[in-house]
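Protein chains in written order, with this note's numbering: chain A, 883 to 1199; chain B, 113 to 398. Don't be surprised by glycine CBs; every beta carbon is placed ideally from N, CA and C. Keep in mind that this is a model prediction, so the values were computed, not measured. Structure first, then comments.
The structure is reproduced here in structure tokens:
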């Protein structure tokens, strides 16, 4: 197991380097002189040629591109992502404030997606070809096709405005968390419901389930303790893979509900042309995503030791 | 007509299975209507999509404006009809570009193996290390708003999906006997890739194309919603939702209809893609 974790860690390194390369390439591809943008923020006259040249040397922009990349990496290692053009604060500080809020929203949304998805999937499987099964399978494709930002406004309108159950938008109390999590949870539940259904359908036909039924074990206990456990691996895989979509979803839903997380920070920064914040957010989210995938992978190997073996073969190929 | 054909079972099994799938048929019919709407938008749309008519500002649905008017008095239905062009152009271009790049790289990786395979697959790994939309946001921030840049950004995000699927197919196909036979007969590697590997990988590519058009349309709408997509006043469904949010409490029709258009269109592509997968190869894990 330790060996597997170590090998998996090694495999992450090229991805991390690649992600920083892409982030650096995007930064370089941005039109406009970063020095003029920095000096010119809010001023009509950006500064004398001397000031500009000085600033350029200070930022290392007069050096070859590969050296600029290495100094970018070096600053990154020390947690230096530059400064927000708008507020002048370090980018890492602004991200540090926003990131926990996005993580909180991601976790609650994932919880809702799992709850809806697994319950709908189980009942669709035990009542295969029933009306409920058909409806929930249509619902699962529909959920995956919904534009989450639009769903957010509809949910806001219904639950926040007409029914007046929860605050329309903002951040502060647990009640503020309900509507955005519900939006993302519904959007994310479709795939989980489908995989739960197909995985459960395979398991509940097996002999050991019939044996527990014959023994007289209560139906609910069979479903949750015996069947669901054996159907868990494909479900865990899909849940792990949906994190990416969910994080991307938070970027949209945070804008809808004025949730002060990474998405809102990044999108606001885009409209203000506050590039250090934009690229910092993209980079941090990608790194977070790599870490999540790593954790999920290690979790699989823990749940199902056969995976270690299969992956080891894959890696050695 | 359809049911008679289906009963006779005169059709190839793939078409037969597709026709039996109601969801897929709904999807296909909707897609055909949508494509026709986009092509003939000039004749179908009742009004000019960018013509402002301030007295009709936020007018609710009525006989003259079936879906109502937006904040500048523009006809919502006409804007939706013209907006379908942007969605379809972006969706199909993104998928065409990423399918071509992904299939080429994937087949080369799977067929040659070794170092080439490793380099291409590491590149794929790097691109899928970003949640798709987030990478697209970064690229759009650098390139600036335009329909061409949306297509570039989304294609860059989307090609690895094709590369992975085609690589797996190429790995499988290149082990088959007839490839060995072709090699013995002196076929060049290029000939094998273009005449054997890619044509035989078409079923999964086709399924992925259909499902990914839906994805690309949703992604374009999301970028436009964030103000990173197509420039106003060009009517994009995503930016219509973005504007509609300011009138959420006064005039819901401005936000509801564009969202529905996105939803039903993406649903149609997903239902059709799903049906296609079931008909072509239910074992496909896409």
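Quiz item: For residue 261 of chain B, is the classification buried or exposed, using 16 other Cβ atoms within 10 angstroms of its Cβ as the cut-off for buried?
Solution: buried
Exercise. From the DSSP output, in three-state form, read off residue 1095 of chain A for me.
Key: helix
Quiz item: Got a sec? Which residues, its chain only, sit under 7 angstroms from residue 315 of chain B by beta carbon, not counting five neighbours each side?
Solution: 392, 393
Quiz item: Would you report the Cα separation of residue 1151 of chain A and residue 338 of chain B, rounded to the nearest angstrom?
Solution: 11 angstroms
Quiz item: How long is the line joining the alpha carbons of residue 331 of chain B and residue 1007 of chain A, rounded to whole angstroms?
Solution: 31 angstroms
Exercise. Below 9 angstroms between beta carbons is the criterion; list the residues of the segment 1120 to 1137 of chain A that meet it against any residue of chain B, in chain order.
Key: 1125, 1126, 1127, 1128, 1129, 1130, 1131, 1133, 1134, 1137
Exercise. Report yes if the C-beta distance between residue 1178 of chain A and residue 1122 of chain A is below 7 angstroms; otherwise report no.
Key: yes
Quiz item: Since residue 965 of chain A sits in a beta bridge, which residues does DSSP pair it with?
Solution: A/972
Exercise. Would you kindly work out how many angstroms separate the C-alpha atoms of residue 1130 of chain A and residue 296 of chain B, rounded to a whole number?
Key: 49 angstroms
Quiz prompt | chain B within 7 angstroms of residue 912 of chain A, Cβ atoms only | solution = yes
Practice problem: Could you check which residue in A/1023, A/911, A/931, A/885 has the C-alpha nearest to that of residue 136 of chain B? | Solution: A/1023
Quiz item: If you run the structure through DSSP and keep just helix, strand and coil, what is residue 1089 of chain A?
Solution: helix
Quiz prompt | residue 1015 of chain A (DSSP reduced to helix, strand or coil) | solution = helix
Self-check item: Residues in the segment 198 to 221 of chain B having any Cβ partner in chain A nearer than 7 angstroms
Solution: none
Quiz item: According to DSSP, which residues form a beta bridge with residue 187 of chain B?
Solution: B/181
Practice problem: Using 10 angstroms around the beta-carbon of residue 1040 of chain A, count the other beta-carbons present and answer buried if the total reaches 16, otherwise exposed. | Solution: exposed
Practice problem: Look at the alpha carbon of residue 826 of chain A and the alpha carbon of residue 950 of chain A, and state the distance between them as a whole number of angstroms. | Solution: Because chain A here runs from 883 to 1199, residue 826 of chain A falls outside it and cannot be looked at.
Quiz item: Given a threshold of 16 other Cβ atoms within 10 Å of its Cβ, counted over all protein chains shown, does residue 207 of chain B qualify as buried or as exposed?
Solution: buried
Quiz prompt | Backbone CA spacing between residue 306 of chain B and residue 299 of chain B [nearest angstrom] | solution = 11 angstroms
Practice problem: Answer with yes or no whether the minimum CB distance from residue 896 of chain A to chain B is below 7 angstroms. | Solution: yes
Self-check item: Alpha-carbon to alpha-carbon, residue 141 of chain B and residue 151 of chain B
Solution: 16 angstroms
Quiz prompt | Against chain B: residues of the segment 1019 to 1035 of chain A by CB proximity under 7 angstroms | solution = 1023, 1024, 1026, 1027, 1028, 1029, 1031, 1032, 1035
Quiz item: Can residue 976 of chain A and residue 966 of chain A be called in contact, C-beta distance under 7 angstroms?
Solution: yes
Quiz item: Within 7 angstroms (strictly less), CB to CB, does residue 367 of chain B reach chain A?
Solution: yes
Exercise. Output the distance between the C-alpha atoms of residue 317 of chain B and residue 1086 of chain A, rounded to the nearest integer angstrom.
Key: 33 angstroms
Quiz item: For the 8 angstroms Cβ check, are there 3 or more pairs between the segment 262 to 275 of chain B and the segment 217 to 224 of chain B?
Solution: yes
Exercise. Output, in chain order, the set of chain B residues within a Cβ distance shorter than 7 angstroms of residue 1172 of chain A.
Key: 241
Self-check item: Rounded C-alpha distance that separates residue 127 of chain B from residue 235 of chain B
Solution: 37 angstroms
Practice problem: Could you work out which residues of chain B lie near residue 1167 of chain A, taking near to mean beta carbons separated by less than 7 angstroms? | Solution: 243, 246
Quiz item: Any beta-carbon of chain A closer than 7 angstroms to the one on residue 188 of chain B?
Solution: no
Quiz item: Is there a Cβ from chain A that is less than 7 angstroms from the Cβ of residue 266 of chain B?
Solution: no
Quiz item: Which chain A residues sit within Cβ distance under 7 angstroms of residue 378 of chain B?
Solution: 1027
Practice problem: Pull up the distance between the alpha-carbon of residue 1175 of chain A and that of residue 124 of chain B, whole angstroms please. | Solution: 42 angstroms
Quiz item: Going straight from the alpha carbon of residue 164 of chain B to that of residue 177 of chain B, what length do you get?
Solution: 13 angstroms
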